[in-house]
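Q:
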Amino acid sequence: MKKIIISNWKLNGNINFINKYIKKIKIYLKNSNYKISIAPPIIYLYYMSKLLKKNKYISLTSQNTDIHINGAYTGETSINMIKDINVKYVIIGHSERKKYHYENNKNILKKIILTKKKNIIPILCIGENIKEYKKNKSIEICKKQINYIIKKKNIKILENIIIAYEPIWSIGTGKNANIDHINKIHNSIKKYIYSLNKKIYNKFKIIYGGSVNYKNFKDIISQKNVDGLLIGNSSLNIKEFINIINN
Ligand code: PEP
Numbered sequence: 225m226k227k228i229i230i231s232n233w234k235l236n237g238n239i240n241f242i243n244k245y246i247k248k249i250k251i252y253l254k255n256s257n258y259k260i261s262i263a264p265p266i267i268y269l270y271y272m273s274k275l276l277k278k279n280k281y282i283s284l285t286s287q288n289t290d291i292h293i294n295g296a297y298t299g300e301t302s303i304n305m306i307k308d309i310n311v312k313y314v315i316i317g318h319s320e321r322k323k324y325h326y327e328n329n330k331n332i333l334k335k336i337i338l339t340k341k342k343n344i345i346p347i348l349c350i351g352e353n354i355k356e357y358k359k360n361k362s363i364e365i366c367k368k369q370i371n372y373i374i375k376k377k378n379i380k381i382l383e384n385i386i387i388a389y390e391p392i393w394s395i396g397t398g399k400n401a402n403i404d405h406i407n408k409i410h411n412s413i414k415k416y417i418y419s420l421n422k423k424i425y426n427k428f429k430i431i432y433g434g435s436v437n438y439k440n441f442k443d444i445i446s447q448k449n450v451d452g453l454l455i456g457n458s459s460l461n462i463k464e465f466i467n468i469i470n471n
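Numbering (my numbering), first residue to last: 225 to 471.
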């Protein structure tokens, strides 16, 4: 099974960039060892879906969805709208959304439920901050974030979802977590889910995100417990992203 690489553009890109990006990476998609998905700013999802014309070697990811389906919620995008344009994944609970948009556990859970209802795969971001990391609390914090979701619903909520382990101190800082740390966290989350429910264990994935680049990606993605990568900054550099997907 191919591992997945999600390219998260955050608040970057425009039509010109998209045209250039797709034209250049298209050549490498078919023979890539990875499943590739791109998360442009939501406004460009429709344009990209037309541009890619259901190219089966690449999919689209939404960077967010709203907790409402429709109504007076200015500036938001609902999961039904996202479904309309054939999006495969939705990133939920990214630390930048928690920091700048006050996203909380309650909203994260609502978004996961709505996303799953539409048969779109949620990518649930979890991870500790630098203080917690230094106090050796990474595992405890990650479990706590997962437990909130499970306790409010039940373990089935994790069926077919992707968990993205993204240490907050590593996102956009150029400091990736080291392999031992990544393995330790991924291992304990996998073991934890296994201890709760063996069936669900076989039906969820865990990917890593945090300052992944063309130099360190191979080491990280080749770990048995790493099912893929979520890449921000480096995925915006076309040459670098091609280096990654073409490896
Ligand atoms: C991210 O946006 O989820 C991310 C991991 O960003 P970066 O690769 O820039 O650290």
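Yeah, the Cβ is synthetic: ideal placement off N, Cα and C, and Gly gets one too.
Note that the structure is a prediction, hence the values are computed from the model and not measured.
Determine the DSSP secondary structure at Tyr313, reduced to helix, strand or coil.
A: strand
Q: Following the continuous beta strand (DSSP E) through Tyr389, name the residue where it begins and the one where it ends.
A: 386-389
Q: The alpha helix (DSSP H) that contains Leu460, what's its start and end?
A: Neither: Leu460 is in no alpha helix (DSSP H) and is coded neither H nor E.
Q: Could you tell me if the beta carbon of Ile354 falls within a distance shorter than 7 Å of some heavy atom in the ligand PEP?
A: no
Q: So is Leu333 buried or exposed if we call it buried at 16+ other beta carbons inside 10 Å?
A: buried
Q: Does the Cβ of Asp451 have 16 or more other Cβ atoms within 10 Å, making it buried, or fewer, making it exposed?
A: buried
Q: Would you tell me roughly how many angstroms separate the C-alpha atoms of Ser231 and Asn240, rounded to the nearest one?
A: 17 Å
Q: For Lys192, count the other beta carbons within 10 Å of its own beta carbon; 16 or more makes it buried, fewer makes it exposed. Which is it?
A: Outside the displayed span of the chain (225 to 471) sits residue 192, for which this structure offers no information.
Q: Helix, strand or coil, according to DSSP, for Thr285 in the structure here?
A: strand
Q: Can you give, in chain order, each stretch of the beta strand (DSSP E) that sits fully within the segment 421-466 and has at least 3 residues?
A: 429-433, 452-455
Q: Identify, in the order they occur along the chain, each residue of the same chain with its Cβ nearer than 8 Å to the Cβ of Ile242, setting aside the five sequence neighbours on each side.
A: Cβ within range, chain order: Pro264, Tyr268, Tyr271, Met272, Leu275.
Q: Do three or more CB pairs link the segment 364-379 to the segment 397-408 at distances below 8 Å?
A: no
Q: Does DSSP classify Ile262 as helix, strand or coil?
A: strand
Q: May I ask you to check if the CB of Val436 is nearer than 7 Å to at least one heavy atom of the ligand PEP?
A: yes
Q: In this structure, how does DSSP classify Leu235 when only helix, strand and coil are distinguished?
A: coil
Q: Check whether the Cβ of Ser394 lies closer than 7 Å to any heavy atom of the ligand PEP, and answer yes or no.
A: yes
Q: Keeping to the same chain, check which residues put their C-beta closer than 7 Å to that of Lys423; ignore five residues upstream and five downstream.
A: none
Q: For Lys376, which option in Ser419, Asn329, Lys342, Ile385 has the closest C-alpha, if you only look at C-alpha atoms?
A: Asn329
Q: So what does Leu348 bridge to, in DSSP terms?
A: Ile316, Ile387
Q: Going by DSSP, what residues sit across from Ile406 in a beta bridge?
A: None, per the DSSP bridge assignment.
Q: Return the CA-CA distance between Tyr372 and Ile303, expressed in angstroms with no decimal places.
A: 22 Å
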